[in-house]
Amino acid sequence: MEEVFSGLHGTLQQVLANRLGWTTLREVQSRAYRAVSSGHDVLVIAPTAGGKTEAALIPVLDGILRKGSRGVACLYISPLKALINDQEERFRAFCTPTGLEVRMWHGDVPRGDRSWEEGEPPHILMITPESLEVLMGEESLARDLSFARYVIVDELHAFVESERGVHLKVLLDRLDLLAKRKVQRICLSATVGNPDEVLSWISGEGNRKEVVQIPVAAREKRFSFRLEEDEQRRMEALVRIASGKKALVFVNSRAEAEAVGKALKGRVEHLSVHHSSLSPEIRKKAEEAFSEEGSACIICTSTLELGIDIGDLDVVVQVGPPTSVSSFLQRMGRSGRRGRAPYMACLLRDPWELLVSIAVIESASRKRIEPLVPPGRPYNVLVQQVLLEVARRRRISRNRIMRSITRIPSWKDLPPGSLDLLFSYLEEEKFLIRDGEMLMPGSHMEDLFGKSNWKDLYSVIRGGGEFRAVTPEGELVGRLDSRFVAAGDRGSFNLGGRTWTLIKSDESHNLVVVVPGEEARGKVFWTGGQAGYSAAVCQAVQHVLSRRRSLLPLPEKEQVALQALCEMVPPIHRSGIHLWEEEGKRKRDVVALTFLSRSGNALLSALLRRVLPENTRIRYDDFSLLFPDFATSGATERVGDALSTVMAMDVEEMARLIPLPPRENWKFGAALPEALVREMAIRDTWKLEEFAGILSKLQVYPVQPAGKKTG
1 MEEVFSGLHG TLQQVLANRL GWTTLREVQS RAYRAVSSGH DVLVIAPTAG
51 GKTEAALIPV LDGILRKGSR GVACLYISPL KALINDQEER FRAFCTPTGL
101 EVRMWHGDVP RGDRSWEEGE PPHILMITPE SLEVLMGEES LARDLSFARY
151 VIVDELHAFV ESERGVHLKV LLDRLDLLAK RKVQRICLSA TVGNPDEVLS
201 WISGEGNRKE VVQIPVAARE KRFSFRLEED EQRRMEALVR IASGKKALVF
251 VNSRAEAEAV GKALKGRVEH LSVHHSSLSP EIRKKAEEAF SEEGSACIIC
301 TSTLELGIDI GDLDVVVQVG PPTSVSSFLQ RMGRSGRRGR APYMACLLRD
351 PWELLVSIAV IESASRKRIE PLVPPGRPYN VLVQQVLLEV ARRRRISRNR
401 IMRSITRIPS WKDLPPGSLD LLFSYLEEEK FLIRDGEMLM PGSHMEDLFG
451 KSNWKDLYSV IRGGGEFRAV TPEGELVGRL DSRFVAAGDR GSFNLGGRTW
501 TLIKSDESHN LVVVVPGEEA RGKVFWTGGQ AGYSAAVCQA VQHVLSRRRS
551 LLPLPEKEQV ALQALCEMVP PIHRSGIHLW EEEGKRKRDV VALTFLSRSG
601 NALLSALLRR VLPENTRIRY DDFSLLFPDF ATSGATERVG DALSTVMAMD
651 VEEMARLIPL PPRENWKFGA ALPEALVREM AIRDTWKLEE FAGILSKLQV
701 YPVQPAGKKT G
């Protein structure tokens, strides 16, 4: 790697050598340099603290120093403002000594610090997709983006499967058009199950591309498991694990983070809570406290899975199983710095949580990571872009909008006629009004999106549903779910590890005023706070149960607990649906072990309700369906016949039977015709084609309940 180092621009060499003490580059950095210097779009995959940021930054700085730039030469795009804030110092450490300027642009940066004088743009601009959308609408500043040669997309995996990822891709396509050339895309991620497909998606057709992924040497990893059904004793165990250490405690929802924070308050030194509904200031204080000397503990959700640097730690604690293999790897990657073995302590409620945790760890050890699949019918983003064009121009012809949309490569796979259908609906519903050949914002568009100079149009993230919680002095504490606020007097509650009392609510501005409270009585919650396990995790659980043992070298206590759980479940196959009957309260319950995930079982139950008697009750979770008090006899056969009927359906028949999701599920759903909403639901919400394909390959196995003998 010395040959790459010695070939770097002299100024950059001096900075790396004199300020950072580098005399060579890591393999990932050398390979990334060669790929970027050859003009490839690149996806760099390396673990946390594996040198990914430098792998992107070094070839970019080298290129700018060699060729110069009259405008913004590089955009660094991050999914989080907090990650931009965290990375700024690292970028400046490289750039400032070379004479290159770095500037941040996002909603938390004061307006005056975001702009620049004409002819004095920064060389590197650190920005979120939403802020880039705003910037591209400011004509004088956007001109400086036409000089861009590089885009660095950090934590790419956080974008791919969401509409926000589609928005990002559209923005990159528009940047290419603005620059009148292909702007090179350099993407970073720690975990991607299908890197070649993901790079092809973000890069586009016909572009040279390369995945840079260095095999990680096998390292010893330490795990401990603690099963404790009693919540109080479980929290006592957590106190023992975290006390006197630098501990990062991951939970799977914001409400759980607040509950655990409340349970540990006063029992663990330097305790903080960190999740997406807390103010940036509170989260920043937690990160800063963790980087100081001595012990500290942060209770967090996925907000600290991403690459925010919080320094060395002693232990990662996982309360309950992680919901995906990718999430587990991100969390595990937080530990094991500076030569120490990564260590995760798993604090679990029952043997089922142990089983899921084992399945996740086994999948990670075999590198079976969830593939990332981008949306296929992102009409919600399409209509956002149409409405933005109209809002910015105020008067624009339909033909001009059509030309601007069809020039974007991201929209090349739109079904024929979808744009015509969209425009007809927008005019019918008064989102747009016509003046001759020109289109203008209509009353419906003004009412829904016209506030604050069309601010809502710049993001595809669905807002609303949350109230800003501020102190009487105007300090932002965080955001509360609207249903929690509407529930009325809940007394005091915990938010951000502190106790607050709600004293005033202003629904017209989605605002509540809070003051410090005493003992919290109300339990704060957020709608949709916890997702189910991924399909990959559910399938891995089935594999463990089918072999009735773990491949991991478990301690004896956990082996006994797992074995006892396996004996409670009938012997099953590695794939397929297994049915059996159990004695119910009045009749017989039917259990169907499916391992299709919560979303898959929600679909399956909706379809079964259409083919079973009208009053049939069905409950579901990630792994199974339950038909309580289904029948006195022949219950298994009836459910099996219904399953066979559903499994023989094609996508179109399934789509006709499932109720359409409410338009409110999409930020711009009200501006979309029903036909396009249905296409989005079939392709991206329900993923019906994939679901039907999986079902068609499964067999249904009637089995005897555990403990009963056949014949």
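Numbering-wise (the numbering used here), the sequence shown opens with residue 1 and increments by one.
The beta carbon of each residue, even a glycine, is placed where N, CA and C say it ideally should be.
Under the three-state reduction of DSSP, which class applies to residue i: helix, strand or coil?
| i | result |
| --- | --- |
| Pro712 | Nothing in the structure corresponds to residue 712, since the chain is present only between 1 and 711. |
| Ser505 | strand |
| His578 | strand |
| Arg366 | coil |
| Ser696 | helix |
| Val251 | coil |
| Trp352 | helix |
| Phe467 | strand |
| Pro628 | strand |
| Asp743 | Within the shown structure, residues of the chain are numbered from 1 to 711, placing residue 743 beyond reach of any answer. |
| Leu22 | Reading off the sequence, residue 22 comes out as Trp, not Leu. Reduced to three states, the DSSP call for Trp22 is coil. |
| Leu309 | The sequence given here places Asp at residue 309; Leu does not occur at that position. In this structure, Asp309 counts as coil in the three-state DSSP scheme. |
| Asp196 | helix |
| Gly532 | coil |
Just the Cα atoms here: how many angstroms apart are residue i and residue j?
| i | j | result |
| --- | --- | --- |
| Leu313 | Leu248 | 7 Å |
| Asp137 | Leu608 | Strictly speaking, residue 137 in this sequence is Gly, with Asp absent from that position. Roughly 49 Å between the two C-alpha positions. |
| Leu135 | Ala487 | 39 Å |
| Asp144 | Glu120 | 9 Å |
| Leu422 | Phe691 | 28 Å |
| Ala763 | Ser324 | Outside the displayed range of the chain (1 to 711) lies residue 763, so it cannot be described from this structure. |
| Met649 | Gly600 | 15 Å |
| Gly376 | Lys687 | 10 Å |
| Ala469 | Ser633 | 56 Å |
| Glu288 | Arg395 | 49 Å |
What residues in its chain sit with their C-beta under 7 Å from that of residue i, if we drop five residues either side in the sequence?
| i | result |
| --- | --- |
| Ala706 | Glu567, Met568, Val569, Pro570 |
| Ala56 | Ala32, Val44, Ile152, Ile186, Leu188 |
| Trp22 | Leu16 |
| Val590 | Leu579, Glu581, Phe627, Phe630, Ala635, Thr636, Val639 |
| Asp196 | Val211 |
Could you please give me the residues that DSSP links to residue i through a beta bridge?
| i | result |
| --- | --- |
| Phe493 | Trp500, Gly522 |
| Asp420 | Partner(s): none; Asp420 has no beta bridge. |
| Ile152 | Tyr76, Ile186 |
| Leu583 | The residue you asked about is not Leu; residue 583 is Glu in the sequence shown. For Glu583, which the question treats as bridged, DSSP gives the partners Arg588. |
| Gly39 | Answer is none; Gly39 lacks a bridge partner. |
| Cys297 | Ala247, Leu271 |
| Tyr620 | Leu625 |
| Val212 | Val44 |
| Cys346 | Phe225, Gln318 |
| Ile433 | Met440 |
Can you list, in chain order, the residues of its chain whose CB lies under 8 Å from that of residue i, leaving out five sequence neighbours each side?
| i | result |
| --- | --- |
| Gly576 | Leu698, Gln699, Val700, Tyr701 |
| Gly669 | Asn380, Pro662, Arg663, Val677 |
| His123 | Ile64, Ser69, Val72, Ala73, Cys74, Cys95, Leu100, Glu101, Val102 |
| Ser363 | Val325, Ile369, Ala536, Val537, Ala540 |
| Leu660 | Glu674, Val677, Arg678, Ala681 |
| Val485 | Phe467, Leu502, Ser505, Val512 |
When the Cα of residue i is compared with those of the options, which residue comes out closest?
| i | options | result |
| --- | --- | --- |
| Thr48 | Val36, Asp41, Val28 | Val28 |
| Glu637 | Leu657, His573, Val703 | Val703 |
| Val36 | Asn207, Pro553, Ala635, Gly640 | Asn207 |
| Pro374 | Trp454, Ile202, Gly261, Val512 | Ile202 |
| Ser335 | Ser633, Pro322, Asp309, Gly244 | Asp309 |
| Ser443 | Glu652, Lys430, Val611, Gly640 | Lys430 |
| Glu228 | Gly311, Lys262, Pro351, Leu156 | Pro351 |
| His157 | Thr191, His167, Val170 | Thr191 |
| Ile26 | Gln318, His9, Ile58 | Note on residue identity: the sequence assigns Arg, not Ile, to residue 26. With distances taken between Cα atoms, Arg26 lies closest to Ile58. |
| Lys221 | Lys367, Ser6, Arg340, Gln559 | Arg340 |
| Glu293 | Arg240, Glu269, Val170, Asp447 | Glu269 |
| Arg400 | Leu414, Ser410, Met440, Ser365 | Met440 |
| Ser302 | Phe290, Pro280, Ala296, His275 | His275 |
| Leu625 | Leu596, Ile658, Thr645 | Leu596 |
| Gly244 | Ala606, Leu382, Ala296 | Ala296 |
| Lys262 | Phe623, Arg549, Met235 | Met235 |
| Gly320 | Pro553, Phe147, Val251 | Val251 |
| Glu475 | Asn665, Pro516, Thr616, Gly450 | Pro516 |
Residues in the same chain with beta-carbon distance under 6 Å from residue i, minus the five sequence neighbours each way, listed in chain order, please.
| i | result |
| --- | --- |
| Val130 | In the sequence under discussion, the amino acid at residue 130 is Glu, which differs from the Val named in the question. Closer than 6 Å at the Cβ level, and outside the excluded window around Glu130, lie Tyr458, Ser459. |
| Gly491 | Arg521, Gly522 |
| Phe223 | Met344 |
| Lys709 | In this predicted model, Lys709 has a pLDDT of only 41, less than 50, meaning its place in the structure is not dependable; the value taken from the coordinates is given anyway. Contacts found: none. |
| Glu210 | Ala35, His40, Val42 |
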